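Below is one structure, written out as structure tokens; the observations come after it.
Residue numbers (the numbering used here): 1151 to 1249.
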């Protein structure tokens, strides 16, 4: 079989920063841009950043240590997003189960 004439398309480089840092950067640049629509509720990147920071702080205050595993069992909802980012920001490992 002859080799393909077209080269394999190149892929975009994988970001070297944690996903929670990507959220932070987007929230800094576009704080009022819609990030999540959950039924009749709408949340901006700034709100998601703030709420996930608050959750991270609560987890740390409750004794979560870097590397601790935290389970999230939730449907597709804004609380899932906030919890996921909050766990990562607190240094935890998010173990997700989407219900």
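Where a beta carbon is used, it is the ideal one built from N, C-alpha and C, also for glycine. The structure presented is a predicted model; accordingly, all values stated were derived computationally and were not measured.
For residue 1203, the enclosing alpha helix (DSSP H) stretches over residues 1195-1211. Put simply, the backbone Cα of residue 1206 is about 8 angstroms away from that of residue 1238. Where residue 1236 is concerned, the enclosing alpha helix (DSSP H) starts and stops at 1228-1239.
For residue 1220, the pairing in a beta bridge is given by DSSP as 1244. The beta carbon of residue 1247 sits closer than 6 angstroms to those of 1223, all from its chain and outside the five residues before and after it, given in chain order. A residue is called buried once 16 or more other Cβ atoms fall within 10 Å of its Cβ, and residue 1172, having fewer, is exposed.
Counting only residues of its own chain and dropping the five nearest sequence neighbours on each side, residue 1196 has a CB closer than 7 angstroms to the CB of 1177, 1181, 1182.
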